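**Q**
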Amino acid sequence: MYLITLLLYTVIDIFAFVIHMSLTISVYAKRLLCVLLLLCITSASVVRAYEGVVGPGDRSGRPRGDELRGPRGDDRLFGFAGNDNLYGGPGNDRVYGGSGNDRIYGSLGNDYLVGGPGNNMLNGGPGRDVLRGGFDLDVIYGSYGNDLAYGGKGIDYIYGGPGADTLVGGKGYDVIVGGPGADVITAGEGFDIILPAAGADKVYGQEGNDKIMLHKDASKDYVYCGPGYDTVYTWDSKDFIADDCEDMQVLYLTGEN
Numbered sequence: 001m002y003l004i005t006l007l008l009y010t011v012i013d014i015f016a017f018v019i020h021m022s023l024t025i026s027v028y029a030k031r032l033l034c035v036l037l038l039l040c041i042t043s044a045s046v047v048r049a050y051e052g053v054v055g056p057g058d059r060s061g062r063p064r065g066d067e068l069r070g071p072r073g074d075d076r077l078f079g080f081a082g083n084d085n086l087y088g089g090p091g092n093d094r095v096y097g098g099s100g101n102d103r104i105y106g107s108l109g110n111d112y113l114v115g116g117p118g119n120n121m122l123n124g125g126p127g128r129d130v131l132r133g134g135f136d137l138d139v140i141y142g143s144y145g146n147d148l149a150y151g152g153k154g155i156d157y158i159y160g161g162p163g164a165d166t167l168v169g170g171k172g173y174d175v176i177v178g179g180p181g182a183d184v185i186t187a188g189e190g191f192d193i194i195l196p197a198a199g200a201d202k203v204y205g206q207e208g209n210d211k212i213m214l215h216k217d218a219s220k221d222y223v224y225c226g227p228g229y230d231t232v233y234t235w236d237s238k239d240f241i242a243d244d245c246e247d248m249q250v251l252y253l254t255g256e257n
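Right, here's the structure in full:
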């Protein structure tokens with residue numbers, strides 16, 4: 001049995017710190033817990049709305065909950081108001097959620113997905129996708145491919161998935177998780193938790209007081225903290241930690257079989 005021992009902090013301490021911080025900013029407390037537990041996007045009753053065709057390969061919803069599916073080809077889907085389920089088909093699709101709590105899915109191809117006002121879930125699917133969060137709480141999955149994902153103005157959970165992804169936080173409090181591959185992760189303006197995965201990753205802090213925990217693998221990661229008081233957790237000395245990082249903690253494994 002192996003125990004993970006951290007200097008000054010434990011992994012749980014990081015999330016406890018987040019919860020403590022969020023409780024002091026009550027307007028964000030419940031939302032941040034929702035992001036960490038992935039409980040905020042719930043199923044809504046939807047109405048199939050294939051009418052309202054704008055042009056070949058395009059679908060447009062109405063001011064209520066819609067389910068739109070793109071056919072083969074390069075499609076455009078518009079959710080407008082309501083809680084929508086939007087599915088791009090094979091091809092390079094552009095999907096816009098509109099207002100409401102939307103679920104937006106890309107498919108095969110290089111897709112462009114945009115959440116609007118509301119709590120949204122975006123999943124790029126296979127391909128090199130661009131995903132943009134909206135104004136509230138968003139859960140963003142890059143999925144397979146070299147994706148580009150941006151957080152919005154609210155609290156965001158961003159996961160890169162397999163591939164060399166570029167992940168950028170937004171204006172709120174974000175949790176950014178890299179996937180397998182050489183990712184470039186840039187924190188947003190708020191307090192962010194950044195968790196790179198396997199691969200030679202580059203991490204850039206921004207204005208907030210960020211927590212950056214590097215992955216234990218054979219690759220060398222590079223961390224540049226920037227403004228704010230940032231804490232970096234690393235497993236060994238092979239990772240490059242810039243001098244502008246205010247606090248560095250070394251993690252190590254102890255225990256016996």
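Quick note: the sequence shown uses UniProt numbering, first residue 1, plus one each step.
The C-beta atom is built at its ideal place from N, Cα and C for all residues, glycine as well.
Only a predicted model underlies this, so the values are computations on that prediction, with no experimental measurement involved.
In whole angstroms, what is the alpha-carbon distance linking residue 68 and residue 96?
**A** The sequence position of residue 68 within the sequence shown is 68, counting from 1. The sequence position of residue 96 within the sequence shown is 96, counting from 1. The alpha-carbon atoms of residue 68 and residue 96 are separated by roughly 11 Å.
**Q** With 16 as the cutoff for other CB atoms within 10 Å, does residue 56 come out buried or exposed?
**A** If you number the sequence shown from 1, residue 56 lands on position 56. Bear in mind that the predicted position of residue 56 carries a pLDDT of just 44, short of 50, making it unreliable; the figure below should be weighed with that in mind. Exposed is the call here.
**Q** Can you tell me the Cβ-Cβ gap for residue 160 and residue 192, rounded? I've got them flagged as a contact below 8 Å.
**A** As a first step, residue 160 must be located in the sequence shown, where it is residue number 160. As a first step, residue 192 must be located in the sequence shown, where it is residue number 192. No, residue 160 and residue 192 are not in contact; Cβ-Cβ is about 14 Å, not under 8 Å.
**Q** Out of 183, 165, 144 and 98, which one is the CA nearest neighbour of residue 134?
**A** Start at 1 with the first residue of the sequence shown, and residue 134 comes out as number 134. Comparing Cα positions, the closest option is 98.
**Q** Would you identify the three-state DSSP class for residue 78, choosing helix, strand or coil?
**A** Here residue 78 refers to the residue found at position 78 when the sequence shown is read from its first residue. If DSSP states are grouped into helix, strand and coil, residue 78 belongs with the strands.
**Q** Helix, strand or coil for residue 155, going by three-state DSSP, please let me know.
**A** As a first step, residue 155 must be located in the sequence shown, where it is residue number 155. In the structure shown, residue 155 sits in coil (DSSP, three-state: anything other than H, G, I, E or B).
**Q** How would you write the range of the beta strand (DSSP E) that residue 182 sits in, first residue to last?
**A** Taking the sequence shown and counting its residues from 1, one reaches residue 182 at position 182. That residue, residue 182, is in no beta strand (DSSP E); it is neither H nor E in DSSP.
**Q** Check the C-beta distance from residue 228 over to residue 208 and give it rounded, since I have them as a contact under 8 Å.
**A** Within the sequence shown, residue 228 is the residue found at index 228, counting from 1. Within the sequence shown, residue 208 is the residue found at index 208, counting from 1. That pair is a contact at about 5 Å.
**Q** What residue does the beta strand (DSSP E) around residue 138 start on, and which one ends it?
**A** Mapped onto the sequence shown, residue 138 falls at position 138. Note, residue 138: beta strand (DSSP E), 138-141.
**Q** At what residues does the beta strand (DSSP E) containing residue 192 begin and finish?
**A** Counting from 1 along the sequence shown, the entry for residue 192 is found at position 192. Here the beta strand (DSSP E) through residue 192 covers 192-195.
**Q** Residue 132 by DSSP, collapsed to three states: which one?
**A** For the purposes of this step, residue 132 is taken as the residue at position 132 of the sequence shown. If DSSP states are grouped into helix, strand and coil, residue 132 belongs with the strands.
**Q** Nearest to residue 73 by CA position, among 85, 91, 105 and 180, is which residue?
**A** In the sequence shown, residue 73 corresponds to position 73, counting from 1. Answer by Cα proximity: 91.
**Q** Using the rule of at least 16 other Cβ atoms within 10 Å of the residue's Cβ for burial, across every protein chain shown, is residue 239 buried or exposed?
**A** Walking along the sequence shown from the start, residue 239 turns up at place 239. With 16 or more other Cβ atoms within 10 Å, it is buried.
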